[in-house]
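In the numbering used here, the protein residues as written are 39 to 478.
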């Protein structure tokens, strides 16, 4: 009994906050510098997606200045604090490199030690030039932290911060941004004092208070004269590095070519070219087509396949009484023209799109989507009207970009359909508007 008590006491003492060893501060000398220890890891694992030629999320890991600049979401390295550094969080959890092999434990430890040591770099020691900051670097911060109250739809105090031009106009209290003079810019004064964003109501717009590095970036931008960003939709003619030559040979990317119809032995069984393709495969295995179905069986198959409903007795009698050579084809045409056709086949697309009349998501709350039915009806209309498939896809992916509906004298039915089609992008379980799951 005394032995067990002694062991218990030793365990309690060893695990107590008083005696637990504290993590020693990393030694910069042992941590090395960015160029020596960190850049080789990034070059081997990261810069194919986050480098000069391709900067996903506006993140460049090929230089020390790029790492310290961070991504469109803000800083990724906080010197001295690896647990507060988004880059370390991602590699530690194995989330990054995305689609590749996770970094080894030694590589993750090297990154951690480097950040703990203050993220030392040869460049940092020799280059005191301030990092160039443009509109593109600060707009994501403002859009996330400020525009719920000072944006396109809501402009408290007459202040709109959703574009650089709007920022320069200021609001009722005066100029929000004075290029070159951050100390005279009202936005900096409000942020530094903690007056903005307000402490109350942030949960209602699913965001958190602005961070110190984000404020520093905004100050740096104003100090440099609040330079504009790159022109919208800037593109070049270089091939997309994410698509290899092998990828381009995939069958679905090739232009369709009409194949030669195969020759078959039992040509009397062939009604159309498709029959010849099916029959040629069957004959190669010593088989043939099944006996032709009766007219009533054909009618029931066609009705269930195209409308999801059985034929009525009158419709059956009409088909059985039609002895013309194209009786079957004319029945198919009638079914394709039926409103039930779009309802039946639209169901398959709606299932793939994740259509639902309520939000779903991670929480118990399941709010109703009051106008989701508009997307459902759009899909049905598209199928019933015979809309080309490529147009059907284009409208759902980028329908809001197909027409200038914002400046049109009137919103047409086609514009409405284009906009409604983009409901495809929000059809799955979606907790975006739930403050408990969308707080950034």
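Don't be surprised by glycine CBs; every beta carbon is placed ideally from N, CA and C.
Task: Proximity to residue 102 [Cα-Cα], best of 211, 115 and 432 - done: Of all alpha-carbon atoms in 211, 115 and 432, the one lying nearest the alpha-carbon of residue 102 is that of 115.
- [ ] Kindly say whether residue 157, judged by its beta-carbon, lies nearer than 8 Å to any beta-carbon of chain C.
- [x] Absent here is chain C; the protein component of the structure consists of one chain.
Open item on the list: Can you find the residues in the same chain that come closer than 6 Å, C-beta to C-beta, to residue 461, ignoring five residues on each side of it along the sequence?
Closed with: Hits under 6 Å: 413.
- [ ] Pick out whichever of 299, 323 and 322 has its Cα sitting closest to the Cα of residue 313.
- [x] The candidate whose alpha carbon is nearest that of residue 313 is 299.
- [ ] Taking residue 94 and residue 84 to be in contact with their CB atoms under 8 Å, please state how far apart those CB atoms are, rounded to whole angstroms.
- [x] Actually they are not in contact, since the Cβ atoms of residue 94 and residue 84 sit about 10 Å apart, beyond 8 Å.
Open item on the list: Check for me: the alpha helix (DSSP H) holding residue 355 runs from which residue to which?
Closed with: Taken as a continuous stretch (DSSP letters only), the alpha helix (DSSP H) holding residue 355 covers 351 to 358.
- [ ] Less than 8 Å between the CB atoms is what I'm expecting for residue 258 and residue 171, so what's the real figure, rounded?
- [x] Contact between residue 258 and residue 171 holds, since their C-beta atoms are separated by about 5 Å, short of 8 Å.
TODO: Output yes or no for whether 8 Å exceeds the beta carbon distance between residue 441 and residue 453.
DONE: The Cβ-Cβ distance between residue 441 and residue 453 falls below 8 Å.
Task: Cβ pair count under 8 Å reaching 3, the segment 219 to 229 against the segment 245 to 260 - done: In this structure the segment 219 to 229 lies against the segment 245 to 260, because at least three pairs of beta carbons, one per stretch, are closer than 8 Å.
Task: beta strand (DSSP E) runs contained entirely in the segment 426 to 471, provided each spans 3 or more residues - done: As far as the segment 426 to 471 is concerned, it has no whole beta strand (DSSP E) run of at least 3 residues.
Open item on the list: Going by C-alpha to C-alpha distance, which of 443, 416 and 318 sits closest to residue 431?
Closed with: Nearest to residue 431 by alpha-carbon distance, out of 443, 416 and 318, is 416.
TODO: Quick one: residues in its chain with C-beta nearer than 6 Å to the C-beta of residue 92, no 5 flanking neighbours on either side, listed in chain order?
DONE: Counting only Cβ-Cβ distances below 6 Å, and skipping sequence neighbours, we find 279.
Open item on the list: With the cut-off set at 8 Å, would you say residue 148 and residue 71 are in Cβ contact?
Closed with: Contact: no.
Open item on the list: Which of the three DSSP states is assigned to residue 128 in this structure?
Closed with: In the structure shown, residue 128 falls within a helical segment according to DSSP collapsed to helix, strand and coil.
Task: Given residue 123 as reference, the closest of 137, 156, 136 and 360 once Cα atoms are compared - done: Closest option to residue 123, Cα to Cα, is 156.
TODO: Pull up the CB-CB distance for residue 397 and residue 468, whole angstroms please, since I reckon it's below 8 Å.
DONE: About 5 Å separates the CB atoms of residue 397 and residue 468; that is less than 8 Å, so the two are in contact.
TODO: Go ahead and pull the three-state DSSP assignment for residue 238.
DONE: Under the three-state reduction of DSSP, residue 238 is assigned to coil, being neither helix nor strand.
Open item on the list: Please state whether the Cβ-Cβ distance between residue 189 and residue 198 is less than 8 Å.
Closed with: Their beta carbons are under 8 Å apart, which means residue 189 touches residue 198 by this criterion.
Task: Cβ-based neighbour list, residue 387, same chain, cut-off 6 Å, excluding 5 preceding and 5 following - done: Only 417 meet the Cβ criterion.
TODO: Kindly list the residues whose CB is nearer than 8 Å to the CB of residue 326, restricted to its own chain and excluding five residues on each side of it in sequence; keep chain order.
DONE: These residues qualify, in order along the chain: 304, 307, 317 and 320.
- [ ] Report all residues from its chain with a CB closer than 8 Å to the CB of residue 446; omit the five preceding and five following residues, and keep chain order.
- [x] Cβ neighbours of residue 446 within its own chain (closer than 8 Å, five residues either side excluded): 453.
Task: For residue 211 and residue 195, believed in contact at Cβ under 8 Å, the rounded distance - done: Confirmed, about 6 Å.
Task: Rounded distance between the beta-carbons of residue 120 and residue 154, thought under 8 Å - done: Going by Cβ atoms, the distance from residue 154 to residue 120 rounds to 6 Å, so yes, they are a contact pair.
Task: Given residue 144 as reference, the closest of 129, 364, 118 and 268 once Cα atoms are compared - done: Answer by Cα proximity: 129.
TODO: Reducing DSSP to helix, strand and coil, say where residue 406 ends up.
DONE: Three-state DSSP puts residue 406 in a strand.
Task: 4 or more residues per run - each alpha helix (DSSP H) lying fully within the segment 209 to 238 - done: 224 to 231, all fully within the segment 209 to 238.
TODO: Can you have a look at residue 235 and say buried or exposed, based on whether 16 or more other CB atoms are within 10 angstroms of its CB?
DONE: Burial call: buried.
Open item on the list: Once DSSP output is grouped into helix, strand and coil, what is the label at residue 169?
Closed with: If DSSP states are grouped into helix, strand and coil, residue 169 belongs with coil.
Open item on the list: Classify residue 364: buried if its beta carbon has 16 or more other beta carbons within 10 angstroms, exposed otherwise.
Closed with: Exposed.
Open item on the list: Threshold first: 4 residues or longer. Then list the alpha helix (DSSP H) segments lying entirely within the segment 265 to 312, N to C.
Closed with: Segments of the alpha helix (DSSP H) lying fully in the segment 265 to 312: 283 to 286.
- [ ] Mind reading off the beta-carbon distance from residue 358 to residue 333? Whole number of angstroms is fine, and I expect it under 8 Å.
- [x] In this structure residue 358 is in contact with residue 333, their Cβ atoms being roughly 6 Å apart against a cut-off of 8 Å.
TODO: May I ask you to report which of helix, strand or coil DSSP gives residue 193?
DONE: Residue 193 carries a strand assignment under DSSP once its states are collapsed to helix, strand and coil.
Task: C-alpha distance - residue 142 paired with residue 134, whole-angstrom precision - done: Within the model, the alpha-carbon separation for residue 142 versus residue 134 is close to 12 Å.
TODO: Write down the C-beta distance between residue 348 and residue 338 rounded to the nearest angstrom, noting that I regard them as a contact closer than 8 Å.
DONE: The Cβ separation is near 6 Å, so the contact holds.
Open item on the list: Can you list, in chain order, the residues of its chain with a C-beta nearer than 7 Å to that of residue 117? Leave out the 5 residues immediately preceding and following it.
Closed with: Cβ within range, chain order: 153, 156 and 157.
Task: Same chain, Cβ closer than 6 Å to residue 79, neighbours up to 5 away in sequence not counted - done: So the qualifying residues of the chain are 145.
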